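Read in order, the letters of the sequence shown are residues 26 to 404 in this note's numbering. Quick notes on the structure that follows.
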Amino acid sequence: MELQGFYVKSGQMAAANIGNAFPKIWQDTMSVLQDECPSEPFEVVKSIVESEYGCDLHDVFETFEETPIGAASIGQVHRATLKRDGSRVVVKVMYPGVENTFRGDVRTIKMFCEVAQPVHVAPLIEIEKQFMTEFDYVLESQQLDKVRKNMMAADIAGDSSKLCAIPRPHLDLCTKRILVMDELNGTKLKKYQGKSSLPINHAKLIDDLLHIHGHQVLVDGVFNGDPHPGNILLLGVEEGKPQLGLIDYGQVKTISKEERLVFCRLILALADDDKDGVVKALKEAGYKSQKMDEDIMYTYARVAYDEDNETLTQGKHIQLFMEELHDRDPVEHLPQQYILASRVSILLRGLGHAVHQSRSVAKAWRPIAEKVLREEGEL
26 MELQGFYVKS
36 GQMAAANIGN
46 AFPKIWQDTM
56 SVLQDECPSE
66 PFEVVKSIVE
76 SEYGCDLHDV
86 FETFEETPIG
96 AASIGQVHRA
106 TLKRDGSRVV
116 VKVMYPGVEN
126 TFRGDVRTIK
136 MFCEVAQPVH
146 VAPLIEIEKQ
156 FMTEFDYVLE
166 SQQLDKVRKN
176 MMAADIAGDS
186 SKLCAIPRPH
196 LDLCTKRILV
206 MDELNGTKLK
216 KYQGKSSLPI
226 NHAKLIDDLL
236 HIHGHQVLVD
246 GVFNGDPHPG
256 NILLLGVEEG
266 KPQLGLIDYG
276 QVKTISKEER
286 LVFCRLILAL
296 ADDDKDGVVK
306 ALKEAGYKSQ
316 KMDEDIMYTY
326 ARVAYDEDNE
336 TLTQGKHIQL
346 FMEELHDRDP
356 VEHLPQQYIL
366 ASRVSILLRG
376 LGHAVHQSRS
386 VAKAWRPIAE
396 KVLREEGEL
C-alpha cells in the first residue's frame with residue numbers, strides 16, 4: 026500500500042486471481058487493494074472539489090459524507106446528495122499527484138521486463154496506454170454513459186428486471202478530477218469471497234457476467250476492461266431479487282467493426298477447437314512471432330482468450346508456462362487491440378475459478394459471435 030500507484034493495480038490483479046495463478050492466501054491478502062486502500066483526509070478531498078468547481082462544496086452538494094466508502098489506486102469515493110434535486114450520488118475524487126506516480130511506476134516496470142521478462146512488454150505497453158485514460162474523469166463519465174446506453178439498448182441493463190444495473194453519470198458535474206454518478210445500493214462481490222455461499226446462484230453469476238461482457242466486446246465493440254470483483258455489486262439481495270451492479274469505467278476499450286469481426290472469428294474457431302481457424306484469425310489480427318509456430322500460436326490464443334487449466338498448461342504455473350512458450354517462439358508483435366479483451370476473459374475466468382465455476386470463455390461467447398457473423402453475412 027505504501028508504494029501506491031501501479032503496484033496497487035498489480036495487487037488487484039492478484040486479488041482477482043488473473044490466470045488462476047495466485048494461491049488463496051494471496052487473493053485474500055490483496056483483496057483490500059480493490060477498494061480499501063489508505064484514503065486522503067477530507068480536507069484534501071474538499072479542497073480538490075472546490076478547486077475543480079470554483080465554489081464551496083455545499084453550493085453543489087446538500088450532503089457530503091466525510092468518510093469514503095471506498096479507496097483504490099486512482100481515487101476515493103464518497104456518498105453525497107445533490108443540492109439541486111436531492112439525488113443520491115457517489116462522488117469519485119482523484120488523488121493529487123497520482124498520474125505522475127503511475128507513469129513513473131509503469132516506466133520502471135517496463136524497463137525491468139525488457140531485461141528480465143520480455144514476454145510481458147507488449148501487454149504492458151497496451152495496459153499503460155489504457156491506464157492513462159483513467160486520469161480524466163470527464164472521459165470516464167463519457168465512457169460510462171456510452172456503455173450504459175449500449176447495455177440499455179440491448180435490454181441487458183436497466184431496472185431490477187434486467188441482468189444488470191449501471192449507474193447514470195451526471196455529466197455536467199464531472200471534471201478531470203471529479204466523477205459524479207447515481208449511487209447503486211448493493212454489496213461488492215469481493216465482500217462475499219471466502220464465504221461458503223453467495224446470495225446468488227454461482228453458475229448464473231458467471232454465466233450472466235460472461236454474457237454481459239461478451240455482448241460489450243463482440244456486439245458493441247465498447248467494453249469495460251476491468252471487471253474485477255471490486256467493480257461488481259450485488260443489488261436487491263434483501264428483496265430476494267439479486268441483480269448485478271457494474272461500476273468503474275476508467276478502462277473502457279473501443280475496437281473497430283473490422284477488429285470486432287476478426288475477434289468473432291477467433292472466438293468461433295476457439296469454441297470449435299478449429300486450430301487452422303484460430304491460426305488464421307491470429308494472423309489477421311496481426312500476431313507475429315519469430316517462427317510463427319502454429320502449435321504455439323494456438324496455445325497462446327487458448328490461454329489468452331479462452332481458458333486456463335492444468336491440462337492446457339501441462340501442470341505448470343501459468344507464468345512459467347507462458348514464459349516457456351515465449352522462449353520456444355519469441356513473440357514480436359501481439360494484437361494490441363485485443364489485450365484488454367484478453368484481460369476481460371482472464372478476470373472473469375479468475376472469478377469463475379474462485380466460485381468453482383470454471384468456464385471456456387469461447388464456448389460461452391460462441392452464440393454471440395455466431396450471431397454477429399451471421400448478421401454480417403459471413404456464415
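Just so it is clear, CB atoms sit at the ideal spot from N, CA and C, and this is done for glycine as well. The model shown is predicted, which means the values in this text are computed figures rather than measured ones.
For residue i, three-class secondary structure by DSSP
i       : result
Pro-392 : helix
Leu-58  : Note that Leu-58 scores a pLDDT of 46, beneath 50, so its modelled location is shaky and nothing firm can be said.
Lys-213 : strand
Ile-203 : strand
Met-26  : Only weak support is given to the placement of Met-26: the predicted model assigns it a pLDDT of 48, under 50, and the value that follows is read from those uncertain coordinates. Three-state DSSP puts Met-26 in coil, outside helix and strand.
Arg-384 : coil
Pro-194 : strand
Thr-158 : helix
Val-287 : helix
Gly-250 : coil
Cys-138 : helix
Ala-326 : helix
Ala-182 : strand
Thr-336 : coil
Ser-64  : coil
Nearest residue (CA-CA) to residue i, options the options
i       : options                               : result
Met-177 : Gly-402, Val-397, Ala-147 and Leu-271 : Leu-271
Leu-295 : Lys-171, Ala-310, His-381 and Arg-327 : Arg-327
His-358 : Lys-108, Val-144, Phe-86 and Ser-72   : Val-144
His-240 : Asn-175, Ile-225 and Ala-190          : Asn-175
Leu-235 : Pro-224, Asp-301 and Ile-257          : Ile-257
Pro-66  : Thr-324, Leu-230, Ala-96 and Val-163  : Ala-96
Ile-237 : Ala-179, Glu-263 and Leu-259          : Ala-179
Asp-354 : Tyr-312, Glu-395 and Gln-361          : Tyr-312
Leu-164 : Pro-194, Val-85 and His-253           : Pro-194
Leu-293 : Glu-263, Glu-264, Ile-393 and His-381 : Ile-393
Pro-224 : Gly-183, Cys-189 and Lys-266          : Lys-266
Ala-228 : Phe-86, Arg-391, Trp-390 and Val-380  : Val-380
Pro-63  : Ile-134, Leu-149, Arg-399 and Pro-93  : Pro-93
Tyr-120 : Val-70, Glu-319, Lys-396 and Leu-398  : Val-70
Tyr-363 : Ser-76, Met-157, Ser-281 and Gly-129  : Ser-281
Asn-226 : Glu-68, Gln-382 and Val-397           : Gln-382
Lys-154 : Lys-135, Gln-142, Ser-166 and Ser-72  : Lys-135
Those residues which DSSP pairs with residue i across a bridge
i       : result
Ile-257 : Leu-271
Phe-89  : Ala-105
Ala-147 : Answer is none; Ala-147 lacks a bridge partner.
Glu-314 : Going by the sequence as given, residue 314 is Ser instead of Glu. DSSP lists Val-356 as partners of Ser-314.
Arg-113 : Thr-106
Met-119 : Gly-100
Val-277 : Asn-249
Gly-95  : Val-102
Cys-189 : Ala-182 and Leu-269
Test item: CB-CB of residue i and residue j under 9 Å
i       : j       : result
Ala-105 : Val-116 : yes
Phe-248 : Val-172 : yes
Ser-367 : Ala-306 : no
Leu-286 : Glu-403 : yes
Val-74  : Ile-181 : no
Asp-233 : Leu-269 : yes
Thr-279 : Gly-246 : yes
Leu-260 : Gly-211 : yes
Asp-297 : Arg-384 : no
Ser-185 : Glu-264 : yes
Glu-332 : Val-262 : no
His-103 : Val-85  : no
Ile-21  : Leu-350 : Summary: the structure shown does not reach residue 21, with the chain confined to residues 26 through 404, and so no result is reported for it.
With three or more C-beta pairs closer than 8 Å as the rule, is the segment 200-207 touching the segment 109-128? yes
Quick check: the segment 372-379 against the segment 339-347, are at least 3 beta-carbon pairs closer than 8 Å? no
Is the segment 158-170 touching the segment 274-287, taking contact as three or more C-beta pairs under 8 Å? yes
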